[in-house]
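First comes the structure, then the notes that go with it.
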Amino acid sequence: MPENEINEETIIIRETFDLLTYTANIDGKDFFIKEAKSENGVAMNKREFYNQLFLKTMADGKDVGFEFLTPTLAGKRLIYPDITKYSTWLAKDFSPQTKMVPLKEYLQEMIKFMRFCLSMEFEQIPIELKKDTQKRVKNILDKFEKDAKYLLEHGLLEISDIKTLEEKVRSGLHLRNQAFQHHDIVPWHMARKHSDNRLILIDAGWSGWSLKYYDIAYYIFGFLKGEKNHLSKKISLGAWIIEGHWSWATNSIMVFLLGWLPLIVGGEIFSQTLLSYNLPLLTSRLLTLNMLGLIGSA
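Note that the sequence shown ends on residue 841 in my numbering; no numbers are left out.
Now the structure itself:
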């Protein structure tokens, strides 16, 4: 099927700004195809292709909890064999219905796979993935510089605060001496085979860590396993991860409670008190601290 041609045997299952995902029958065989629509889509397909080949090679002949398919990268297309007819989806993010089964249904496989990932050495990661990581790190730092410039120009933060945040951002990036693990944690395209009940991980480009809290345990287990980092560093980074999740979950609630709830609940009587008079100043300072926490944990 020529590139950009969609025929009557093609079924579109998902479309985003970057990727068009569909199934197609080519020469009598069914395929699952991700076609890039933008430069970012091309980069995403390449990243997933090299990730999948890396995991396929590393897991060959081992029981790591999951099996991996071998995709083909043809121009803007990332092509997988369509496994729908002989497997059942456990996790997917495409039509007709997004699906994510409870963790307990693949817990043992996930534990095996986590141990497998944690056993990988930095030197084993392919050069293509290392280059991609360096590019993504540069993009993160460029974005941080733009955000920092905006905050400084509008007087929201001082230069000393920016330097502190920059140190945290840089320390959080996966530089060579901090490569505790390479991948995210929640598999997004996962299916169970009908024949032997084994799990297939179709998409190694997994969903963001924001979907679940699994990465807390994943990262901290990675810290404990690593021998080249001091205990104090493991504790500080572990506390930073936990605090980041806590801030993310609670800061928006605190903004609402501190900003409006006292006035709504207190009514006219509260508005005549000394606390009500000083509330804007107190709230402003507390919300500034909250904002710093949100930025620092982003």
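Don't be surprised by glycine CBs; every beta carbon is placed ideally from N, CA and C.
Query	Result
Determine the burial state of A691: buried for a count of at least 16 other Cβ atoms within 10 Å of its Cβ, exposed for fewer.	buried
What's the call for Q677, buried or exposed, on a 16-neighbour Cβ count within 10 Å?	exposed
Note the first and the last residue of the continuous beta strand (DSSP E) segment covering T566.	L562 to I569
Indicate the three-state DSSP secondary structure (helix, strand or coil) for V729 in the structure shown.	Reliability fails at V729, whose pLDDT of 39 lies under 50, so the model's placement of it is uncertain and no value is given.
Check L621 in the structure and name its three-state DSSP category.	strand
Where does D573 fall in DSSP's three states?	strand
Taking the alpha-carbon positions, what's the N594 to S703 distance?	39 Å
Take every Cβ of the segment 584-603, pair it with every Cβ of the segment 613-622, and state whether three or more of those distances are shorter than 8 Å.	yes
At a cut of 8 Å, does the segment 599-609 reach the segment 648-656 through at least three beta carbon pairs?	yes
Three or more C-beta pairs closer than 8 Å, one from the segment 619-634 and one from the segment 598-607: is that the case here?	no
So, are the CB atoms of D629 and K736 less than 8 Å apart?	Looking at the sequence shown, residue 629 is not Asp but Tyr. Cβ distance < 8 Å, so Y629 and K736 count as in contact.
Please state the DSSP three-state secondary structure of R679.	helix
Enumerate, from N- to C-terminal direction, the unbroken beta strand (DSSP E) stretches of 3 or more residues contained entirely within the segment 641-667.	none
Could you give the DSSP three-state label for R719: helix, strand or coil?	Here the model assigns R719 a pLDDT of 39, short of 50, so the residue's position is not dependable, and the following value carries that caveat. Residue state, collapsed to three classes: helix.
Quick one: grab the DSSP three-state call for R590.	helix
Can you give me the start and stop residues for the beta strand (DSSP E) that L612 sits inside?	Taken as a continuous stretch (DSSP letters only), L612 belongs to no beta strand (DSSP E), as it is neither H nor E.
For L708 versus F597, is the C-beta spacing smaller than 8 Å?	no
Have a look at R620, D561 and E582 and flag the residue whose alpha-carbon is nearest the alpha-carbon of A567.	R620
What first and last residue would you give for the beta strand (DSSP E) that runs through R557?	I554 to E558
Nearest CA to the CA of T631: which residue from L744, K580 and K689?	L744
Under a Cβ-count criterion, where at least 16 other Cβ atoms within 10 Å of its own Cβ denotes burial, should P823 be classed as buried or exposed?	exposed
Taking only three categories from DSSP, how would you classify T631?	strand
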